[in-house]
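Taking it in order: structure first as structure tokens, then the write-up.
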Amino acid sequence: MDIDGQSWITGVAINGLLAEGGDESVERAKHFVDTAVATQNDAGQLSYGPSYPIEVFSHGREYEASWELTVKKCMNTNNSTAIGHGVLDFYDRTGEDRYLDAAERAYESLLSFERTEDGGIPHHDPELAGIKSLWIDSVYMMCPFLARYGAAAGDDDAFDEAVEQILIHAAHLRDSHTGLFRHIWVEQPNHYPQGAFWARGNGWAAAASADVLERLPEDHPKRDDLLDLFRSHCEALLPLQDGSGFWHNLVDDPHTPLESSGTLMFAYAFARGIDLGILDEETYRQPAEDGLAAVSRVVGEEGAVNRVAGPPGGPEAPLTDTPYGQGWFLMAAAALD
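Mapping of the sequence shown onto full-length UniProt numbering: position 318 corresponds to residue 318, and the numbering continues sequentially without gaps.
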């Protein structure tokens, strides 16, 4: 599995390797985690050294100016905590304080960011671009890490933050009519530079909710709010599955390509919901299995998962193969095992 160095891609790949669980996979994941811990920067970001700008694909058209600002001129900040899930996994495995210490620094880094008016942690450092934007990607990059840190450190505030960030992002990005999530909201001026119901974006939300619910205490005061959000989101996604087993790149538009990463993420979220006893197995097991089977048919001879929308995603993203496609395949397969 070739990792290109972007922290969120590395984080998903690590999670996939750990889900597969073989000795070679765990050793490879440990290499990535140890590198991230060793190069954690002064700000606490697990980013293999300095954070680099995201390279945006133009996808054959020009985006609005606010999209260009948000993507091209901002450095990655909270995406680095995608690696934090793996860091805490190795803390559980080894008990070595260096892993918990690194996770604590990453947690404190998240808490230091300037927020939106209602408390949302923006996807990028607003000082670099003069804007604050919430991306649906962030709920997966941040929130499972926050919940897992809460469990490891016995920190109730981290549990609170994990739930609150999902609910705040949902307040801005979830469409009340369809129950689906948009990609990006910008606070000032209030608008959506990327408002399509993108498959992987909805996958980030569904997978993050399932992972947070796994660790959130049963008596948490906002557990029912998150549970209702997760269930209603899964209900909205279910009828949009194509007869092939895939979901489309824009989940509500059958004229867009069938896409692998979102399909795998929905299969994963459905399977995790069943395992947690919060989704009905009779309703969700077969769609999840159909999704995994569909993507299995487009896996190359050397293990590359094809038909994955390239970063940063969106309506016209090219279909390619990526490490996060492989990571999600491994996670979905493990969840359905």
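Every residue, glycine too, gets a C-beta built ideally from N, C-alpha and C.
For clarity, every value in this text was computed on a predicted model and none was experimentally measured.
C-beta atoms of TYR284 and GLY273 nearer than 8 Å: yes
Collapsed DSSP secondary structure at THR287 in the structure displayed: It is Pro, not Thr, that sits at residue 287 in the sequence shown. The answer is helix: DSSP assigns PRO287 an H, G or I state.
Selection from TRP328, GLY314, GLN326 and GLY310 that minimises the alpha carbon distance to THR320: GLY310
Assigned secondary structure, PHE145 (DSSP; H/G/I helix, E/B strand, else coil): helix
Whole-angstrom distance between GLY120 and GLU235, CA atom to CA atom: 26 Å
Cβ neighbour criterion (16 or more within 10 Å) applied to GLN286: Around the CB of GLN286, fewer than 16 other CB atoms lie within 10 Å, so the residue is classed as exposed.
C-beta atoms of GLY291 and GLY245 nearer than 8 Å: yes
Backbone CA spacing between HIS183 and SER138 [nearest angstrom]: 10 Å
Cα-Cα separation between ASP253 and ASP42, rounded to whole angstroms: 44 Å
Neighbourhood of VAL37 by C-beta distance below 6 Å, restricted to the same chain and skipping five residues each side: ALA102
Close-in-space but distant-in-sequence residues of the same chain around residue 344 (CB under 6 Å, 5 per side omitted): The question about residue 344 has no answer here: the residues shown for the chain are numbered 1 through 337.
Euclidean distance between Cα positions of GLY203 and PRO189: 27 Å
Residues near LEU88 by beta carbon distance below 6 Å, same chain, minus five either side: Hits under 6 Å: ALA103, ARG148 and ALA152.
Cβ neighbours of LEU100 in the same chain (closer than 8 Å, five flanking residues each side left out): LEU88, TYR91, ALA152 and ALA153
Neighbourhood of LEU227 by C-beta, 7 Å cutoff - its chain only, sequence neighbours within 5 removed: Closer than 7 Å at the Cβ level, and outside the excluded window around LEU227, lie LEU213 and ILE278.
Collapsed DSSP secondary structure at VAL298 in the structure displayed: coil
Residue closest to LEU111, alpha-carbon to alpha-carbon, out of ARG98, PHE159, ALA317 and ILE9: PHE159
Beta carbon of TYR324 nearer than 8 Å to that of ILE9: The answer is yes: Cβ separation under 8 Å.
Cβ-based burial, MET93 [other Cβ within 10 Å; buried from 16]: In the sequence under discussion, the amino acid at residue 93 is Arg, which differs from the Met named in the question. Exposed: under 16 other Cβ atoms inside 10 Å.
Limits of the beta strand (DSSP E) - the one that VAL87 falls within: Where VAL87 is concerned, there is no enclosing beta strand (DSSP E), although the alpha helix (DSSP H) it sits in stretches over 84-94.
Bounding residues of the alpha helix (DSSP H) (the contiguous stretch that carries TRP185): Premise fails: TRP185 lies in the beta strand (DSSP E), 184-186, not in any alpha helix (DSSP H).
Same chain, Cβ closer than 6 Å to ARG105, neighbours up to 5 away in sequence not counted: Within the same chain, ARG105 has close Cβ partners GLY44.
Length of the line joining the Cα atoms of ASN76 and VAL299: Here ASN76 scores only 48 on pLDDT, less than 50, and its place in the model should not be relied on; the value that follows carries that caveat. Cα to Cα, ASN76 sits roughly 30 Å from VAL299.
CB contact flag (VAL186, SER109, <8 Å): no
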